[in-house]
Amino acid sequence: MVAGLTAPSQTPASAVPAPIPAGNPAPASGAALSLRDVRHAFALKKAPLPVLDGVSFDVEPGAFVALLGPSGCGKSTLLRLVAGLEPPNEGRISVDGAPLRGPHPSRGLVFQDPTLYPWRSVIGNVAVGPEARGRLRAERGRVEEALALVGLSGFADAFPHQLSGGMAQRVALARALVNAPPLLLLDEPLGKLDSLTRLTMQAELVRLWQDKGFTALLVTHDVEEALMLAQRILVFSDRPARIRADIPCDRPYPRHREDPGVVADRRAILDLLGTA
Amino acid sequence: MSEIASDIALARTEGAIRRPAFLPAPASVAAAAAWIGLSALVALPPDLGDFGFTRELAIGFAGLGALVLAAGFLRPGEAGPVRRIQGWSPWLIVLAGLLGLWEVATAKRGWLPMPFFPPPQSIVEVFVEDYARLADSVWHSLRLLAGGYALGALAGFTLGVAIGWSRGVGYWVHPVLRFVGPLPATAWLPLAFFVFPSSGAASTFLVALATGFPVTVLTWSGIAGVNKAYYDVARTLGAREDFLILKVAIPAALPHVFVGLFMGLGSSFAVLVVAEMLGVKAGLGWYLQWAQGWAAYANMYAALAVMALACSGLITLLFRVRDRLLSWQKGLVQW
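Sequence lines, in order, name chains A and B.
Residue 1 is where the first sequence starts when you use my numbering, and the numbers rise one by one after that.
Residue 1001 is where the second sequence starts when you use my numbering, and the numbers rise one by one after that.
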């Protein structure tokens, strides 16, 4: 990707995002994640529908890992389990060695839909985390900082319906980042954006990750996106999902779509998914 | 914003921009002419009977005509509320026509049977001579309505949130609500009047009941329909249950709650009037009944007019409150 592209085109002039530092993440404040033989099924009327079939993997602190697979294969369910929104039927999930007990502000989650609260202004949406933990007064500065981080300081008092899709998703990102989570869970966060905004946001995600040093778990069904963003790609099978391949991907950032290595990897992964 | 829009609309409909200075809007001239003509119709032909206030009514209509004409001279940006009369010109013309028809059919020609259909000047007479009793009735009605409505709305809202949130509460309350709720509140009237110590308390209960049912049901369905992802987001951000109820579920359900509040207000009016007619010896409902008993039909029409004004005023007030609280919705739904 061309360096000039990394400054998002939608950013208002008031807040220019920091340039991407070359190389890999600086501070390692990310969390370590470990899954052991996780199994899960949806309780349907007739019979339980298995969605996860013995998934095990480890993520080291500060890594950017993409979970890639056909849509509907259970990746999103996996992310919900890691977020603690549901307990797995079987298996163990632990973060920094401690088993999960419900959702926690140290694990931020961004959905495919921005899911902003329409009755709250942009700044009010970003402030939900501190407010919910009763620390709004003390963390007012962090709220503004998070909004500046995604380049939307000028839109603090706007309402969600006034934002474009890309801007709304940035607000959702700021809302997840305001708690400074050591683990950020991204459930196809760019899936509904137009292709140009998508490119900008991909660069921005890398910048935020390099800047903050969190561990990132990105669910996507876009092979190219995984190759542009992640240091490691876990390829899932059809439902019930299990890991079919664990592909390291340690090219330096910013990466280029036309890089022969990227092109070769993409072909290999598409072959693996049976779509080439 | 809306003022600008209406200014633009006015300018377009009446060619106000191209109109030379010192000439009134043509529609306003027509409306003023209609009202001054109406004034002449009241004043000049002799009345069939001896009605008071014919002269005062004629003067009042002429004054209105003058005001309409004066408003016609204003341009965009000048005395906004008064100038808005320009936009009402077609309505004012029709209104003058209907009043003229009424005047002719009663006072001038007597086409309508007399005690039942008094002329407009008799209504004016009621307002002038019986305003104290009317005002007292309005006050009593408003007090009863306010008490009952507030009680019903609060109880309905609380119950609706409880049913929507808690499975246990839903289990016990839902069947009761299903069975008893659709019963019109007026059906409880005979029971209420001997169970409660005073007819005032009974009426407050009935108004509260009429308000409470729609508010409960709509609050409940609002809470039940909240996007589940809103809760997921809040929970991953560290929200506890109180935050989920107060800061997520309730704001998200508020548009539904307001639909319930509107429906409740409508049915509370109906119950209020019936309760006043049958039990409480005060209020506009009682005034209506009393006037009819004395064959004072002019008083009855006056009370009806006041009641219409009060009810529409309250609905407008509730709209204002909603617009203020739900201003975030403006970009999302058609108002």
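Positions of the beta carbon are idealized from the N, C-alpha and C atoms, including for glycine.
Since we're looking at a predicted model, the values are computed, not measured.
- Rounded to a whole number of angstroms, what is the C-alpha to C-alpha distance between B/E1276 and B/G1283? Counting from 1 along the second sequence, the entry for residue 1276 of chain B is found at position 276. Counting from 1 along the second sequence, the entry for residue 1283 of chain B is found at position 283. If you take the alpha carbons of B/E1276 and B/G1283, they lie about 6 Å apart.
- Cutoff 8 Å; reference B/L1092; Cβ partners in own chain excluding five residues on either side: By one-based count along the second sequence, residue 1092 of chain B stands at place 92. Same-chain partners within the cutoff: A1031, A1034, W1035, V1068, I1085.
- Item | Chain-ordered neighbours of B/G1235 on chain A, where CB pairs are closer than 7 Å | In the second sequence, the residue the question calls residue 1235 of chain B occupies position 235. First, the amino acid is wrong: residue 1235 of chain B is Arg here, not Gly. Within 7 Å Cβ-Cβ: L85, P103.
- Item | Rounded C-alpha distance that separates A/V223 from B/G1222 | Here the question's residue 223 of chain A lines up with position 223 in the first sequence. Here the question's residue 1222 of chain B lines up with position 222 in the second sequence. Distance between the alpha carbons of A/V223 and B/G1222: 40 Å.
- Task: Quick one: grab the DSSP three-state call for A/R175.
- Result: Residue numbering aside, residue 175 of chain A sits at position 175 when the first sequence is read from its first letter. In the displayed model, A/R175 falls within a helix according to three-state DSSP.
- Just tell me which of A/R120, A/L81, A/L218, A/D113 has its CA closest to the CA of A/V51. The count along the first sequence starts at 1 and reaches residue 51 of chain A at position 51. Nearest option by C-alpha distance: A/L81.
- Item | Selected residue, minimal CA-CA separation from A/L152, among A/E139, A/R137, A/A174, A/R140 | Your numbering for residue 152 of chain A matches position 152 in the first sequence. That would be A/A174, whose Cα lies nearest to the Cα of A/L152.
- Item | B/I1245 versus B/P1090, B/G1065, B/T1158, residue with shortest Cα-Cα distance | As a working note, residue 1245 of chain B is residue 245 in the second sequence. Per the Cα distances, B/T1158.
- B/V1280 by DSSP, collapsed to three states: which one? Along the second sequence, read from residue 1 onward, the residue named residue 1280 of chain B stands at position 280. B/V1280 carries a coil assignment under DSSP once its states are collapsed to helix, strand and coil.
- Message: In the DSSP assignment, the beta strand (DSSP E) including B/V1306 goes from what residue to what residue?
- Response: On the second sequence, residue 1306 of chain B is found 306 positions in, with the first residue counted as 1. It is not in any beta strand (DSSP E) - B/V1306 instead sits in the alpha helix (DSSP H) that spans 1297-1325.
- Item | Validate contact between the stretch 1047-1061 of chain B and the stretch 1115-1130 of chain B using beta carbons, cut 8 Å, 3 pairs | yes
- To the nearest angstrom, how far is it from the Cα of A/L49 to the Cα of A/H40? Within the first sequence, numbered from 1, the residue matching residue 49 of chain A stands at position 49. Within the first sequence, numbered from 1, the residue matching residue 40 of chain A stands at position 40. Their Cα atoms are separated by approximately 9 Å.
- Among residues of its own chain, excluding the 5 on either side of B/Y1231, which ones have a beta-carbon nearer than 7 Å to its beta-carbon? Stepping through the second sequence from its first residue, residue 1231 of chain B is reached at position 231. Same-chain partners within the cutoff: L1244, V1248.
- Is the Cβ of A/T77 closer than 7 Å to any Cβ of chain B? Here residue 77 of chain A is taken as the residue at index 77 of the first sequence, counted from 1. By this cut-off, A/T77 is not an interface position.
- Message: Spatial neighbours of A/G23 within its chain, please: C-beta separation below 7 Å, excluding the five flanking residues on both sides.
- Response: As a working mapping, residue 23 of chain A is identified with position 23 in the first sequence. The pLDDT assigned to A/G23 is 42, lower than 50, so where the model puts this residue is not dependable; a value taken from the coordinates is nonetheless given after this. P252, listed in sequence order.
- Query: Between A/V262, A/P105, A/P240, which lies nearest to A/P254 when the distance is taken from Cα to Cα?
  - Reply: Counted from its first residue, the first sequence places residue 254 of chain A at position 254. Closest by alpha carbon: A/V262.
- Message: Using a Cβ-based criterion (distance less than 6 Å to any ligand heavy atom), does B/L1237 qualify as near the ligand ATP?
- Response: Among the components modelled here there is no ligand, and therefore nothing to report on the ligand ATP.
- Query: Helix, strand or coil: how does DSSP classify A/R80 here?
  - Reply: As a position in the first sequence, residue 80 of chain A is number 80, starting the count at 1. Reduced to three states, the DSSP call for A/R80 is helix.
- Closest residue to A/P240 among A/S71, A/S34, A/F64 (Cα-Cα distance): Residue numbering aside, residue 240 of chain A sits at position 240 when the first sequence is read from its first letter. Closest by alpha carbon: A/S71.
- Item | Proximal residues of chain A, C-beta to C-beta of B/F1243 below 7 Å | For the purposes of this step, residue 1243 of chain B is taken as residue 243 along the second sequence, with counting starting at 1. Chain A residues near B/F1243: A132.
- Kindly say whether B/Y1232, judged by its beta-carbon, lies nearer than 7 Å to any beta-carbon of chain A. Residue mapping note: residue 1232 of chain B aligns to position 232 of the second sequence, counting from 1. Looking at the sequence itself, residue 1232 of chain B is Asp, so the reference to Tyr does not match. Yes, B/D1232 counts as interfacial toward chain A.
- Query: Around the C-beta of B/R1178, are 16 or more other C-beta atoms found within 10 angstroms, so that it is buried, or is it exposed?
  - Reply: Counting from one through the second sequence, the residue named residue 1178 of chain B turns up at place 178. By the neighbour-count rule (16 or more Cβ atoms within 10 Å), B/R1178 is not buried but exposed.
- In or out: A/K45 buried (at least 16 other Cβ within 10 Å) or exposed? The residue labelled residue 45 of chain A in the question sits at position 45 within the first sequence. Only exposed fits A/K45, as fewer than 16 other CB atoms lie within 10 angstroms of its CB.
- Query: Shorter than 7 Å from the beta carbon of B/W1328 to some beta carbon of chain A?
  - Reply: For the purposes of this step, residue 1328 of chain B is identified with residue 328 of the second sequence, where counting begins at 1. By this cut-off, B/W1328 is an interface position.
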